[in-house]
Each structure stands twice: as structure tokens, then as C-alpha cells.
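2 protein chains.
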Amino acid sequence: MITLYDLNTLRPDPYRTYSPHAWKVHCVLRFKSLPYQTFWLEYPSIESKAKELGAPPTSTWSDGSRYTIPFIHDSTTNKVISDSLLIVEYLDNAYPDTITLITPGTEALQSVFADAIWTVYMKDIDPVIGRTLPNKFFTEANAEYYRKWAPKDPNEEMTEESIKDSWKRFESRFGELAETIGDEPFVMGNQVSFSDCALIGWLMLLRFALWDDDKGKQRWNEIMEWHGGRWKRLIDTYEELRDTRI
Amino acid sequence: MITLYDLNTLRPDPYRTYSPHAWKVHCVLRFKSLPYQTFWLEYPSIESKAKELGAPPTSTWSDGSRYTIPFIHDSTTNKVISDSLLIVEYLDNAYPDTITLITPGTEALQSVFADAIWTVYMKDIDPVIGRTLPNKFFTEANAEYYRKWAPKDPNEEMTEESIKDSWKRFESRFGELAETIGDEPFVMGNQVSFSDCALIGWLMLLRFALWDDDKGKQRWNEIMEWHGGRWKRLIDTYEELRDTRI
Chain V
1 MITLYDLNTL
11 RPDPYRTYSP
21 HAWKVHCVLR
31 FKSLPYQTFW
41 LEYPSIESKA
51 KELGAPPTST
61 WSDGSRYTIP
71 FIHDSTTNKV
81 ISDSLLIVEY
91 LDNAYPDTIT
101 LITPGTEALQ
111 SVFADAIWTV
121 YMKDIDPVIG
131 RTLPNKFFTE
141 ANAEYYRKWA
151 PKDPNEEMTE
161 ESIKDSWKRF
171 ESRFGELAET
181 IGDEPFVMGN
191 QVSFSDCALI
201 GWLMLLRFAL
211 WDDDKGKQRW
221 NEIMEWHGGR
231 WKRLIDTYEE
241 LRDTRI
Chain Y
1 MITLYDLNTL
11 RPDPYRTYSP
21 HAWKVHCVLR
31 FKSLPYQTFW
41 LEYPSIESKA
51 KELGAPPTST
61 WSDGSRYTIP
71 FIHDSTTNKV
81 ISDSLLIVEY
91 LDNAYPDTIT
101 LITPGTEALQ
111 SVFADAIWTV
121 YMKDIDPVIG
131 RTLPNKFFTE
141 ANAEYYRKWA
151 PKDPNEEMTE
161 ESIKDSWKRF
171 ESRFGELAET
181 IGDEPFVMGN
191 QVSFSDCALI
201 GWLMLLRFAL
211 WDDDKGKQRW
221 NEIMEWHGGR
231 WKRLIDTYEE
241 LRDTRI
């Protein structure tokens, strides 16, 4: 049995987490139709749980190693893997009878693509989303940690006008991405890949941040209409798959 | 015979152009071992030549269509194609006996990768390189056009310190890219692709800007040593191929 260690919130399943990286793994597990369970963590307990399992840190900060969500433990093979891309590479290798999400040779391309979703195509919306978090669905421990880790910059006060502009620029950049992907359903044409799950993951972060009140829900529904409804079709394709969570 | 329409400078071949997009096509033609000739244009004559041949514009500016380098004319098929990615897709299809540079299904991934080279991994060096252009190898017409099109921002004056920092950040980001690509020679492992030619193209722009004086040459040689010499190996792989230019 695969256990996915994910970030807890007060929102009910299936939209409980807001970690785009954990979402990627949910998505991949569902596309692979692999049964799994979720173990919910809060920021202050990520490092100790990772160390207990032997999940390696995913990066280095000036004050030491950094342990992050997601990591998985696979009791069938007794392997523990951190980092969404490495988790998916592991699953492709360990379960060769399931759909391959990272076709050999495309690792670097998909890694750069997955990173570019936020840093290039969604960058304009980053400050807009950032100011709405932590929201009422954060647990107390996560909210406290989040505020320390991502303190609001008082110089970054946004006006109604600048927020509107940010949404416009985001829509336009996402339109460029839609054009680059073209008419076929997935980033790699008719073949689903890790890159689609990365897109779904970042969109799900957006959904988490927006799905707070009527205005946010309306905004989400608008995004789902953008670019001929292509993002809605992508989300729908994922949601129509059987949920393999135990 | 394929004719590649490229941007003229005063630098002798094979380093005559500084257009990263034209470089991509030189690279692809050489990897495909397809004979071709070059037709050198200056900025003010790009649009008229493109229109004369029927090469479509590559983007829209507020004041109308924008015609850019490179475009090709293939007299064998009598086709005219603009935009480096579309040119390479055309060559893959028209010359199926040559190496495929864009494996079907990877178009969007390679397009995003090629764009991310400059906008993500080289972005820190953009203002440093920008201030050295136009240099003494620009023709008069190109220099005049370039100054109008990319006027220097007086607020962007850089200090020795900020230039040093930019180089450090560029080296660090390129290090991340090197790590993402891994130990194999090409972005897609052992298989060369459009993405490698995009890397070579942007590096060649850097070479053009640096290869002015001893300090710049030294800087270029340092880059060639970075990250275990992996960028030098990439450039060498390209340069060791037979030049198929007529």
C-alpha cells in the first residue's frame, strides 16, 4: 500500500490539500489507478515524520536541510521517496503495468515545464493569491507557520486596479500556454503525462485559494471558461477518473 | 536548396549572426546534415523580404504585424516558413530521413523549454548583456534600429557589484538547469533535440556579446568550464559536425 504524506487543512476531501506538489502525486496515482492512503501532516511535523520514515530533504536552506510535502512510503517495496518528480519516476518504474507519466527522455523537459507553470505562466497571479493566504481553511498550526515563512510585504499592497491587471496578465499568459499546447487534450497531445498533473496541481492551488466565497467561486468558474474551456476539460478528465484512495 | 534568412553583422562566419532563433535553425540544419545557404538581412529590410517571399509574420505588435528572423525558403518544395519552431517541425516532416529534432508529442514541452532558457535560466544576465549591445560588430543600419527598438533604460545603470551579482545568479540558475538535465549529453538524454539547439542558440548570443575583448573572451571561457564543462561539450558537439552551408 502506498501512503502519500500530504498537508492538512480544514477543507473536506477531495479538495483538502493546497500543495500543488502533493496534488501532482494524487493526480498521477489516480491516472495510474493505484490504490493509496493519505496521511495528513501539519508544517511543524513534516520534518520529524520525514526523518522517522527516512524521507530525504528536498532542498537546502541556509539554516540546514529542508523537508517538504509530498513524500510517499510504499509498504510493498518498503521504499520512501520525496519530491513529486522523483515519486512519479519511482511509480513509473515500480509499477510498469500502469500508464507511464514520464516517458524516458522527457524527464528534464517535464521538470522545466512543471516549474514554468508557476514561475512563468502564473507568476502574475502569485502576489494576488499570496495575499489571500492563510485563509479560514488553514489549521491554526499551519497558519502560524505560513505567516512566519511567507510574511506579507507591506510594500506589496495591491489596489483593486493592480489586482485586475494581474488577472488580465495571467489570463493572457495562460492563453499563450493554451496556444502552445494546441487543440489536443494533453501537453503531450493524446498522451497524458506528469506535465498535465503539474498543471492540475497548480490549478488546484488556485481553486483552494479562490473557493472561499461567492466572488472567488465565480472567478474559478471564469477560469474554467477561459481559452475555450480547456482547463475545465483537463480538470474534468482528472475528476472523472475513479478515486483510488482507500 | 534551403535558404536561411538571417541577421547580418560585421563578424565573420561562422559566428556572424547573434539571433538565437536563427542559431537554432543553423544548429538543426547541421544536425540534420542538410545543405543550405544563408541570405543576410538587416533589420530595416526583414519585413519587405518576408513579404516578397510570403513568409508570415511571427507576432502582432500594437502597430501591426511583426516580421522576424529567421525564415526559410525551400526551393525543393517551394515552401516558405517563419518561426524557428515551425521551421524545425517543417524540416522534420519534409526530410524524414534526417534526425527528428521534435519527437511527436514533445512540441509543447520543447517550446516551453526553449522559451524558459532565456526567461528563466538566463534572465539575470539579460540586462548585463543588453548594455553591451549594439557592439562594434553591428552594421550601422542594425545598430540604429536596435537602439530605437531596445532603448537603454537610464534607471537600469548597473554597478560593478550588481553586474557581478548577476553573473553569480546566472551561474547558479544554469547550475540548476545542468542538474535537471543530468549527466547525459542532451536535454533528452542521448537523443539530440530542438531543445539542445535552443540552448546552443542562446549561448551563441552570449558568445557574440562577450567575444569583443579579452575580458569578454575570458568570461566566455569561464562559462565553458561551468558545471563540469557541460556547456562546452554541447557547443563542441555542434561544432564538430560538418558545416553543411554552401
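In order, the protein sequences belong to chains V and Y. Note that the first sequence covers residues 1 to 246 in the UniProt record's numbering. Note that the second sequence covers residues 1 to 246 in the UniProt record's numbering. Ideal Cβ positions, reconstructed from N, Cα and C, are used throughout, including at glycine.
Check, Outcome
"Contact set between Y:Thr119 and chain V, taken where Cβ atoms lie within less than 7 Å", "Val120"
"Nearest residue (CA-CA) to V:Asp115, options Y:Glu176, Y:Asn8, Y:Ala55", "Y:Glu176"
"V:Tyr15 vs V:Arg245 beta-carbon contact at 8 Å", "no"
"Within-8 Å CB hit, V:Phe113 to chain Y", "yes"
"Short CB-CB distance (under 8 Å) between Y:Ala116 and chain V", "yes"
"Own chain residues within Cβ distance below 6 Å of V:Met1, not counting five before or after", "Ser75"
"DSSP three-state assignment for V:Lys51, whether helix, strand or coil", "helix"
"Y:Trp202 and Y:Trp118 closer than 8 Å at C-beta", "yes"
"Per-residue burial, Y:Asn190 [other beta carbons within 10 Å of its own, 16 or more giving buried]", "exposed"
"Residue-chain proximity (V:Ala108, chain Y), Cβ-Cβ < 8 Å", "yes"
"Three-state secondary structure (DSSP) of Y:Ser19", "coil"
"C-alpha gap between V:Trp211 and Y:Gly64, whole angstroms", "40 Å"
"DSSP state of V:Trp61 mapped onto helix, strand, coil", "strand"
"CA-to-CA distance, V:Gly105 to Y:Lys215, given in whole angstroms", "38 Å"
"Per-residue DSSP class, three states only, for V:Asp6", "strand"
"Short CB-CB distance (under 8 Å) between V:Thr180 and chain Y", "yes"
"Backbone CA spacing between V:Ser172 and V:Thr9 [nearest angstrom]", "31 Å"
"Terminal residues of the beta strand (DSSP E) in which Y:Phe39 lies", "36–41"
"Same chain only: Cβ atoms within 6 Å of Y:Ser33, ignoring 5 sequence neighbours per side", "Thr244"
"7 Å Cβ shell around Y:Ala178 - same chain, five flanking residues per side excluded", "His227, Arg230"
"Where the segment 189–223 of chain Y meets chain V: residues whose CB sits under 7 Å from a CB there", "Gly189, Gln191, Ser195"
"is_contact[Y:Gly175, chain V] using C-beta, thresh 8 Å", "no"
"Cutoff 8 Å; reference V:Tyr145; Cβ partners in own chain excluding five residues on either side", "Glu42, Tyr43, Pro44"
"Check: Y:Ile163 C-beta below 7 Å from any heavy atom of the ligand MG", "The ligand MG is not part of this structure, which contains no ligands at all."
"Rounded separation between V:Ser195 and V:Val187 - CA only", "7 Å"
"8 Å CB neighbourhood of V:Glu89 in its chain, flanking five on each side removed", "Ile102, Glu107"
"Within chain Y, partners of V:Gly64 - CB distance below 7 Å", "Result: empty, since nearest Cβ-Cβ is about 19 Å, beyond 7 Å."
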